[in-house]
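In the working numbering, the protein residues as written are 32 to 104. Each residue gets a CB set at the ideal place from its N, CA and C atoms; glycine is no exception.
Here's what the structure looks like:
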């Protein structure tokens, strides 16, 4: 696995200004999925994750909420 092209969750948090715990929560909800998981359990994200986080933040600013087991109908 070539980890040079991927960001660890802490690096993504630093780039986006979103807390690591919040990024993990987004991942648990299925909103932000890691590109891969290392044998060490680390989550690795592509550079596209920056755009995904920005989209999630904009959606929240518009009043959208995200919760576990929530469906859109």
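Exercise for review: Pull up the distance between the alpha-carbon of residue 98 and that of residue 58, whole angstroms please.
Suggested key: 12 Å
Exercise for review: Could you check what DSSP says for residue 56 in three-state terms: helix, strand or coil?
Suggested key: helix
Review point. In the DSSP assignment, what are the bridge partners of residue 76?
Key: 38
Exercise for review: Within 10 angstroms of the Cβ of residue 67, are there 16 or more other Cβ atoms? Answer buried if so, exposed if not.
Suggested key: By the neighbour-count criterion, in which 16 or more other beta carbons inside 10 Å mark a residue as buried, residue 67 falls on the exposed side.
Review point. Helix, strand or coil for residue 67 per DSSP?
Key: strand
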